[in-house]
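In the working numbering, the protein residues as written are 11 to 270.
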């Protein structure tokens, strides 16, 4: 495991107030290929490293708990000790049979002194530190918050997967992203209750909506997309290549410094 980070609960002036649980324990069956999703390289950097780097850049995040497949734990522990993108990783823990169980395992490792927990899918590598901080700040006020974007495409309902039967009203529909940030005490209780009652939800916001109430929306970005198909990987690779080749608009002209 990584060396322990300073305990923010002991520093009343610390601005970091959230732990992050980054989930990378899926089987990646829809992606295919020899490498599992967290280890696919985008622009020379693994997917999971991109995600961890964003949380390291977020001022509101004090620590990271990585939840991985059991066979990946040793490698990620080594990376946590060696690579700057993993500097805030407190622990790497094996995931469970379901995503919900993996999240519960990660949450149990979070420091009790931190009031909030952010849950993030490692398969969203392009989330920004600024967006994470905005989501944490909103959750600190409201109790729960998630990144999301308004639905842009026309939505169709199909019962057989082959024929469109009706058109759904798009107004007021948002596509959920991660991180999703919650008050820690209530999140822990909610997850344990959901497990005991067999509540099946695709994300933690859905469980919060069921047991607690509404979740505040924080504007996300279409760039924070989730890698779920080979086409997503192609798009992510193209985005990394474009970013690598794009000149920095804030860079000074050759021969001049910012101070000049």
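By construction, the Cβ of each residue, glycine as well, lies at the ideal position given by its N, Cα and C atoms. In this text, all values refer to a predicted model and were calculated from it rather than measured experimentally.
Residue i vs residue j beta-carbon contact at 8 Å
i	j	result
residue 28	residue 71	yes
residue 227	residue 158	yes
residue 83	residue 99	no
residue 117	residue 197	yes
residue 154	residue 191	yes
residue 186	residue 156	yes
residue 141	residue 231	yes
residue 50	residue 62	no
residue 127	residue 194	yes
Residues of its chain near residue i, where Cβ-Cβ distance is below 8 Å and the 5 sequence neighbours each way are ignored
i	result
residue 113	31, 33, 77, 129, 201, 214
residue 35	77, 78, 79, 104, 105, 106, 109, 112
residue 253	53
residue 248	none
residue 176	166, 167
residue 222	153, 154, 196, 200
residue 161	180, 183, 184, 185
is_contact[residue i, chain D] using C-beta, thresh 8 Å
i	result
residue 51	Although the question refers to chain D, the structure presented lacks it and comprises just one protein chain.
Whole-angstrom distance between residue j and residue i, CA atom to CA atom
i	j	result
residue 81	residue 179	44 Å
residue 125	residue 244	38 Å
residue 15	residue 119	Because the pLDDT of residue 15 is 38, which lies under 50, any placement of that residue in the model is unreliable, and the number read from its coordinates should be weighed accordingly. Roughly 14 Å between the two C-alpha positions.
residue 174	residue 163	14 Å
residue 150	residue 26	12 Å
residue 89	residue 242	25 Å
residue 204	residue 139	30 Å
residue 246	residue 220	34 Å
residue 3	residue 121	Within the shown structure, residues of the chain are numbered from 11 to 270, placing residue 3 beyond reach of any answer.
residue 115	residue 255	40 Å
residue 208	residue 216	13 Å
Residues near residue i by beta carbon distance below 7 Å, same chain, minus five either side
i	result
residue 152	226
residue 131	33, 188, 236
residue 218	154, 192, 200, 225
residue 250	52, 53
Neighbourhood of residue i by C-beta distance below 6 Å, restricted to the same chain and skipping five residues each side
i	result
residue 86	76, 78, 102
residue 210	none
residue 48	34, 57, 58, 132
Which runs of the alpha helix (DSSP H) at least 4 residues long sit entirely within the stretch 24-108? Give them in chain order. 57-67, 83-92
For the stretch 44-64 against the stretch 130-149, are there 3 or more C-beta pairs whose distance is under 8 Å? yes
Check whether the stretch 95-105 touches the stretch 62-70, counting contact only when three or more Cβ pairs, one atom from each stretch, lie closer than 8 Å. These segments touch.
Give a yes or no on contact between the stretch 233-252 and the stretch 166-184, applying the rule of three or more CB pairs nearer than 8 Å. They do not touch, by the three-pair rule.
Ranges of the beta strand (DSSP E) found wholly within the stretch 100-184, counting only runs of at least 3: DSSP runs (the beta strand (DSSP E)) wholly in the stretch 100-184: 126-131, 154-160, 165-167, 176-178.
Enumerate, from N- to C-terminal direction, the unbroken alpha helix (DSSP H) stretches of 4 or more residues contained entirely within the stretch 201-241. 214-221
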